[in-house]
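Undergrad: Position in the sequence shown (first residue = 1) + 1 = this note's numbering.
Ideal Cβ placement from N, Cα and C applies to all residues, glycine included.
If you're wondering where the values come from, they're calculated on a predicted model, not measured in any experiment.
So that we are looking at the same thing, I have put the structure below in structure tokens.
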Amino acid sequence: MLNSLDYLAITRLDILDGFDNISLCKGYIYKGKELQEYPESLDVLQNVEPVYEELPGWKSDISGCRTYEELPENARYYVERIRQPFGVPLGIVSVGPDRAQTIVLHNVF
Numbered sequence: 002m003l004n005s006l007d008y009l010a011i012t013r014l015d016i017l018d019g020f021d022n023i024s025l026c027k028g029y030i031y032k033g034k035e036l037q038e039y040p041e042s043l044d045v046l047q048n049v050e051p052v053y054e055e056l057p058g059w060k061s062d063i064s065g066c067r068t069y070e071e072l073p074e075n076a077r078y079y080v081e082r083i084r085q086p087f088g089v090p091l092g093i094v095s096v097g098p099d100r101a102q103t104i105v106l107h108n109v110f
């Protein structure tokens with residue numbers, strides 16, 4: 002929040018290939034109340050309860066995808082869901098450890 006974001010980079014999306022569902026933490030509850038921001042205090046953070054949203058997995062190998070459109074629908078949904086709270090464009094998605102497995106969506110360099 003201090004430095005702001007120009008775009009979002011998601012690396013190694015391929016690691017999630019085998020999951021039926023993916024749990025996305027979308028917030029925290031502290032003493033029965035939902036926090037509006039990430040806790041600054043470690044004392045608070047160690048006592049929060051995460052709030053998860055279950056997203057469908059894609060159960061397919063995405064390591065060969067070279068464009069965003071080639072990603073399975075559920076993988077694209079996951080990426081867009083992660084991006085939403087930040088309100089910035091998606092710049093990079095990598096689907097493996099090699100440079101050729103990096104999908105660049107916007108002119109980010």
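(1) When the Cα atoms are used, what is the spatial distance from residue 57 to residue 26?
(2) Would you kindly check if the distance between the Cβ of residue 83 and the Cβ of residue 73 is under 8 Å?
(3) Excluding the 5 residues preceding and the 5 following residue 61 in the sequence, name in chain order all residues of the same chain whose CB lies nearer than 7 Å to its CB.
(4) Just the Cα atoms here: how many angstroms apart are residue 76 and residue 59?
(5) Which stretch, first to last residue, makes up the beta strand (DSSP E) that contains residue 53?
(6) Please go through the same chain and pick out, in chain order, the residues whose beta-carbon is closer than 8 Å to the beta-carbon of residue 92, but skip the five residues on each side of it.
(7) Among the residues of its own chain, which have a CB less than 6 Å from the CB of residue 97, if the five just before and after it don't count?
(8) Taking just the CA atoms, how far does residue 103 sit from residue 23?
TA: Looking at the coordinates:
(1) Going by the C-alpha atoms only, they are around 14 Å apart.
(2) Taking 8 Å as the Cβ cut-off, residue 73 and residue 83 do not qualify as a contacting pair.
(3) Same-chain partners within the cutoff: 18, 73.
(4) Roughly 6 Å separates the two Cα atoms.
(5) Start and end: 50 to 57.
(6) Only 7, 8, 9, 10, 105, 106, 107, 109 meet the Cβ criterion.
(7) Hits under 6 Å: 15, 64.
(8) Whole-angstrom Cα-Cα distance: 22 Å.
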